[in-house]
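**Q** I'd like to ask some things about the structure below.
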Amino acid sequence: MEVPISDDKANPVKSFIAGGFGGICSVLTGYPLDTIKVRLQTMPLPAAGQPPKYKGIVDCTVKTFSREGVRGFYRGISAPLIGVTPIYAVDFAVYAAGKRLFQTDEHVKLTYSQIFMAGVGAGICSALVTVPTDRIKVLLQTQPVTGPTMYNGLIDTALKLYRQGGMRSLFKGTCACVLRDSPTGIYFVVYEGLQDLARQHATSGSITPTSTIFSGGMAGIAFWSLAVPFDVLKSRLQSAPEGRYQHGIRSVFKELMAREGPKALYRGALPILIRAFPSTAAVFIGVELANDLLTF
Numbered sequence: 321m322e323v324p325i326s327d328d329k330a331n332p333v334k335s336f337i338a339g340g341f342g343g344i345c346s347v348l349t350g351y352p353l354d355t356i357k358v359r360l361q362t363m364p365l366p367a368a369g370q371p372p373k374y375k376g377i378v379d380c381t382v383k384t385f386s387r388e389g390v391r392g393f394y395r396g397i398s399a400p401l402i403g404v405t406p407i408y409a410v411d412f413a414v415y416a417a418g419k420r421l422f423q424t425d426e427h428v429k430l431t432y433s434q435i436f437m438a439g440v441g442a443g444i445c446s447a448l449v450t451v452p453t454d455r456i457k458v459l460l461q462t463q464p465v466t467g468p469t470m471y472n473g474l475i476d477t478a479l480k481l482y483r484q485g486g487m488r489s490l491f492k493g494t495c496a497c498v499l500r501d502s503p504t505g506i507y508f509v510v511y512e513g514l515q516d517l518a519r520q521h522a523t524s525g526s527i528t529p530t531s532t533i534f535s536g537g538m539a540g541i542a543f544w545s546l547a548v549p550f551d552v553l554k555s556r557l558q559s560a561p562e563g564r565y566q567h568g569i570r571s572v573f574k575e576l577m578a579r580e581g582p583k584a585l586y587r588g589a590l591p592i593l594i595r596a597f598p599s600t601a602a603v604f605i606g607v608e609l610a611n612d613l614l615t616f
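Residue numbering for the sequence shown is 321 to 616, as defined by my numbering.
Right under this line is the structure:
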């Protein structure tokens, strides 16, 4: 099958700027649920006879709000806000560059397999940019509220990680991030496919904000349905003390299967999927808005 694209050739520079703006929209929209997701994924097993730290998404939300207020949901947001511009910018720029490789003229139509391959390349490249900010974000989101504070914001966390283990510590979880973000090909295929259907049924033949919200939201759900297990492994690895997992993601997987079973791979899936629709819709709304404003 083929999917129509815009009349202009894909523009990586324009997509770089638009992607960065879309990423900022996504973080502001979805961060509270991301905090809940990470806390559910990284909470320790309860001692025998003791209840778990959080019973689920509602319990985690209530406890976070009662102990920390609204600010608790946005703990560590400086890391993704500062890092999100290059992350999403790279994602959409590489995606545009990938599409451009397949375009022989201004009006060529790309197949869904070509869209998928361009998306996979974009996911892998953006994952490499994501790792340091993701590592910092997870540590800030999961550090105890009571007792001495280990990390005081973005810069303090980055400096302490660098002193502990250099760049290797900052990039802990790289393999897990790459595995998690590889399904980005599905993300773009679903978005482009649904937008194509919307164009076919629209009287004007163009996309609307409503179709962008729906297509973007469904693309996010499709992506995260595949990525959740790798995200769990990544969060466990990045929040663990240095030296706990000698073989990285393999050690995390082995321990998780032995102690908690396959069900643990989907811990935090509910807040992820709830967040996926609005946050991904916000990405594409931001990208489409920026593309409309950018005239080069």
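We put the CB at the ideal spot given by N, CA and C, even for glycine.
These figures come from a predicted structure and were not determined experimentally.
Does the distance from the CB of Gly-537 to the CB of Pro-598 come in under 9 Å?
**A** Yes.
**Q** Looking at the unbroken alpha helix (DSSP H) that takes in Val-510, where does it start and where does it end?
**A** 504-521 is the span of the alpha helix (DSSP H), which, as asked, contains Val-510.
**Q** Between Ala-602, Pro-582, Leu-430, which lies nearest to Gly-350 when the distance is taken from Cα to Cα?
**A** The residue with the shortest Cα to Cα distance from Gly-350 is Ala-602.
**Q** Give the range of the alpha helix (DSSP H) segment to which Met-577 is assigned.
**A** Unbroken alpha helix (DSSP H) run through Met-577: 569-579.
**Q** I'd like the list of long-range same chain contacts for Tyr-482, defined as Cβ closer than 8 Å, with 5 residues on each side in sequence excluded.
**A** Cβ within range, chain order: Ser-489, Leu-490.
**Q** Buried or exposed: which applies to Ile-325, given that a residue is buried once 16 or more other Cβ atoms fall within 10 Å of its Cβ?
**A** Below a pLDDT of 50, predicted positions are generally treated as unreliable, and Ile-325, at 40, falls in that range; the measurement from the model is reported next regardless. By the 10 Å Cβ count, Ile-325 comes out buried.
**Q** Using a Cβ-Cβ cut-off of 8 Å (strictly less than) and excluding sequence neighbours within five positions of Val-451, which residues of its own chain qualify?
**A** Result list for Val-451: Leu-490, Phe-491, Lys-492, Gly-493, Thr-494, Cys-497, in chain order.
**Q** Closest to Leu-557 by CA distance: which of Leu-353, Met-470, Cys-345, Thr-462 is it?
**A** Leu-557 has its Cα closest to that of Thr-462, out of Leu-353, Met-470, Cys-345, Thr-462.
**Q** Measuring CB atoms only, is the segment 498-512 touching the segment 540-548, in the sense that at least three cross pairs come out at less than 8 Å?
**A** The segment 498-512 vs the segment 540-548: in contact.
**Q** Measure the alpha-carbon distance for Asp-327 versus Ser-446 and round it to whole angstroms.
**A** Here Asp-327 scores only 43 on pLDDT, less than 50, and its place in the model is too uncertain to base an answer on.
**Q** Can you tell me which of the three DSSP states Ser-555 falls into?
**A** Correct three-state label for Ser-555: helix.
**Q** Within the chosen definition, does the segment 604-616 reach the segment 363-375 through at least 3 CB pairs nearer than 8 Å?
**A** Verdict: no, contact absent.
**Q** For Arg-420, which of Ala-399, Ala-330, His-567 has the nearest alpha-carbon?
**A** Considering only alpha carbons, the answer is Ala-330.
**Q** Just to confirm before moving on: does the CB-CB distance between Ser-433 and Thr-600 stay below 9 Å?
**A** Contact: no.
**Q** Taking buried to mean at least 16 other C-beta atoms within 10 Å of its own C-beta, is Glu-322 buried or exposed?
**A** Bear in mind that a pLDDT of 38 at Glu-322, under 50, signals an unreliable position, so the model cannot answer this.
**Q** Applying the 10 Å Cβ sphere with the 16-neighbour rule, what's the burial state of Arg-387?
**A** With fewer than 16 other Cβ atoms within 10 Å, it is exposed.
**Q** Measure the C-alpha to C-alpha separation of Ser-535 and Ala-368 and round it to an integer number of angstroms.
**A** Near 45 Å, if we compare the C-alpha coordinates of Ala-368 and Ser-535.
**Q** I need the boundaries of the alpha helix (DSSP H) containing Leu-348, first residue and last residue.
**A** Unbroken alpha helix (DSSP H) run through Leu-348: 332-362.
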